[in-house]
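There are 2 protein chains.
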Amino acid sequence: MYTIPELQQLIEKAIPAIEYPPHPKNLYDPITYIMNLGGKRLRPALVLIATDLFSGDVKAAMPAALAIETFHNFTLIHDDIMDNAPLRRGKQTVHEKWGVNNAILSGDVMMVEANKQLAQVNAEVLKDVLNTFNATAQGVCEGQQLDMEFETRDDVSIPEYINMIRLKTAVLVGGAMQLGAIISRANVAETELIFDFGESLGIAFQLQDDILDVYGDPDKFGKQVGGDIISNKKTFLLLNLQQAATAEDQEILKKQLSNTDLNSKISAITALYEKYKIRELATREMTAYLDKAFDALDRISVPDSRKAQLIQLSKELMNREN
Amino acid sequence: MYTIPELQQLIEKAIPAIEYPPHPKNLYDPITYIMNLGGKRLRPALVLIATDLFSGDVKAAMPAALAIETFHNFTLIHDDIMDNAPLRRGKQTVHEKWGVNNAILSGDVMMVEANKQLAQVNAEVLKDVLNTFNATAQGVCEGQQLDMEFETRDDVSIPEYINMIRLKTAVLVGGAMQLGAIISRANVAETELIFDFGESLGIAFQLQDDILDVYGDPDKFGKQVGGDIISNKKTFLLLNLQQAATAEDQEILKKQLSNTDLNSKISAITALYEKYKIRELATREMTAYLDKAFDALDRISVPDSRKAQLIQLSKELMNREN
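Chains as they are written, first to last, in our numbering: chain U, 1 to 322; chain X, 1 to 322.
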């Protein structure tokens, strides 16, 4: 069995080695650019971790891992256009650097590149791999659509929010692990359990992201602390605050949402979070999803020793600072 | 053997029967909208025509035909964003109707829908089908990139232009037919020949499009006659005129390219086309590609009787009025 750092290193070596056609340069340069901006490489690593969990051939799973990372980065390019985001991982976004039209098209061709990588998996599992990948990709698009629609809606419920992050973030985590299981020829029940594990882990991960946005250490977070507050993002925290607050505090919150003094906005809304113990609420919800993930993992009939690293990684992800 | 109208009818019936998820409505409505705007359905029909040419099972090829049509319509949504086009087939474009962000995302999920359809083909040919489809999709993206880049370049050569239309238009025609051949279990040499046929036919088709833009019958063309002239589109006609014209006529042309009186611009540039017999030149080029297509078809070892309809269709496409 590989250690997780070993698997991560396999990914780190494989990504810069992917070859794209040299021409048209402006079509392919953005792909090399975004694929090499860094990031946690969590999703492709999870493909390999799941493969290894079921004692499969990690090298045979590499095309699927690269397909997942390529697809993920494609969604980042298009999401950044939609969000009008200037920066990604501290660097210019693709549409800022190459223009929107170019960014649309480089994203499109990345989707093709992801499919090309995917088509390299063993023919015996190809159909299952495609079905899982396509369902995953579809979920991610649906999640992004809901996320956009929520921006202009005032009646987003908490279950709707959880469903949105499930689709936008968690399905890809679950799908990545399911691909690894399929490539290892795990049985259907086990591929479903590992999907459930990944999906719940992904929801917990995103809830942790919502918490970190408010409570992260500015020196370690990597993004602007309070960014979600500034943009009035309907996070798990804000939706719960809106639900819990008294009429009086609702009014205060409403005024703060249009406060242009951003530091004062961040402190005022954070104070409301404190008052209603929203951080504790979000942490409980996150822990509940983590427990759900571990329940699914528990039901997978693989020796505990093979699961230990994954459990360790999951716990670390929930205690991360960025 | 089916007649071509029979195959077209199979397509016409299959397209409205494709089911997309009901939610999120704004993600999937644009797909239903653009897929049902009509059009010649030439590309999916060619998948089935090629299948039938090689005596394959036309119904088994339907998922590939629908994948090709879905992919084609996805590219139309994204191309219309990039071209800032208000109308498609006389109706509002998707980004006009739903907004740019929504159009980007509906396009993305259409690519997934195309891949889902493709994954339904027989497992035995799946890998070949994917490889052909992905190579085709990649070519189309490269062609669109070149097309965009040509807008701001002043040194586009005629071979570069032919290569651009090859990638943007012809590769999809060739790829569609190759998919049909693969699904019919034609041998590699024959799948390559039918690709060559389609590719050359596609180039001829696009050259005819360039000609029709200037010489089409306004009552039948469906688009504005002279549209390419108005937008200074570097078509086969314009590039050849620029190459053939005397220094004096180059000057006249240059002035006309910035003429804001559009009717006078169209007549002046059309007069230059007449003077240098550019229509004849373009028609000769188109005929040369049609001949090239027929040469490839000729080398396919299938009885002539099976080829007759395809030859007839190709000739009709070259004599079309829209």
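Don't be surprised by glycine CBs; every beta carbon is placed ideally from N, CA and C.
Chain U contact for residue i (CB, 8 angstroms cutoff)
i      : result
E151/X : no
M35/X  : no
N101/X : yes
L313/X : no
Reference residue i; option with closest CA among the options
i      : options                        : result
Q8/X   : S314/X, A65/X, M286/X          : A65/X
V173/U : Q120/U, T152/U, F150/U, F71/U  : F71/U
P30/U  : F133/U, N122/U, R299/U, N101/U : N101/U
L239/X : S305/X, M148/X, S157/X         : S157/X
P44/U  : L317/U, E69/U, N26/U           : E69/U
Q144/U : D79/U, I34/U, T3/U, R279/U     : D79/U
T3/U   : R320/U, N319/U, E321/U, I311/U : I311/U
A103/X : D196/U, I230/U, M148/U         : M148/U
Q208/U : F54/U, P86/U, S314/U           : S314/U
N122/U : A114/U, I34/U, K59/U           : K59/U
A67/U  : L53/U, L212/U, G39/U, Q120/U   : Q120/U
F197/X : A186/X, V188/X, R185/X, Q178/X : Q178/X
N232/X : S264/X, S106/X, Q256/X, K13/X  : Q256/X
R88/X  : L10/X, N36/X, K127/X           : N36/X
I224/X : V125/X, N134/X, I266/X         : Correcting the residue type first, residue 224/X is Gln in the shown sequence and not Ile. Q224/X has its Cα closest to that of I266/X, out of V125/X, N134/X, I266/X.
S301/X : E96/X, Q117/X, L130/X, T191/X  : T191/X
A271/U : A114/U, I229/U, H23/U          : I229/U
T32/X  : P24/X, L42/X, E19/X, T287/X    : E19/X
P24/U  : F150/X, R279/X, E142/X         : E142/X
P159/U : E285/U, L118/U, Y273/U         : E285/U
L42/X  : A85/X, R153/X, V188/X, P5/X    : P5/X
R299/X : Y161/X, D83/X, G226/X, F195/X  : F195/X
A14/X  : A61/X, P22/X, T51/X            : A61/X
A186/U : P21/U, I81/U, M82/U, E124/U    : E124/U
8 angstroms Cβ cutoff met for residue i and residue j
i      : j      : result
V214/X : L237/X : yes
T136/X : I182/X : no
G222/U : I49/U  : no
A176/U : L317/U : no
A247/X : Y276/X : no
I165/X : Q206/X : yes
A293/X : A204/X : yes
M111/X : N73/X  : no
S200/X : A308/X : no
G39/X  : S184/X : no
L76/X  : L27/X  : no
D155/X : E321/X : no
D210/U : T235/U : yes
L262/X : L253/X : no
K127/X : L53/U  : no
L167/X : V140/X : yes
N134/X : N115/U : yes
L118/U : P63/U  : yes
C-beta neighbour in chain X for residue i, strict 8 angstroms
i      : result
M318/U : no
E12/U  : no
E326/U : Residue 326/U is absent from the model: chain U starts at 1 and stops at 322.
E142/U : yes
M1/U   : no
L146/U : yes
Strand pairing of residue i, partner residues [DSSP]
i      : result
K223/X : Answer by DSSP bridge pairing: none, since K223/X is not bridged.
Q92/X  : L87/X
Using Cβ-Cβ distances below 7 angstroms, what residues of the segment 105-119 of chain U are close to chain X? L105, D108, V109, M111, V112, N115, K116, A119
Please name the residues in the segment 59-88 of chain X whose beta-carbon is closer than 7 angstroms to at least one beta-carbon of chain U, in chain order. H78, I81, M82
Could you list the residues in the segment 123-139 of chain U with a C-beta less than 7 angstroms from some C-beta on chain X, going in chain order? A123, L126, K127, L130, N131, N134, A137, Q138
To be precise: take each residue of the segment 16-49 of chain X, compare its Cβ to all Cβ atoms of chain U, and keep it if any distance is under 7 angstroms. Which residues remain? P24, N26, L27
Anything in the segment 162-192 of chain X with a Cβ closer than 9 angstroms to a Cβ of chain U? List those residues in chain order, please. none
Proximal residues, the segment 195-229 of chain U versus chain X, C-beta separation under 9 angstroms: none
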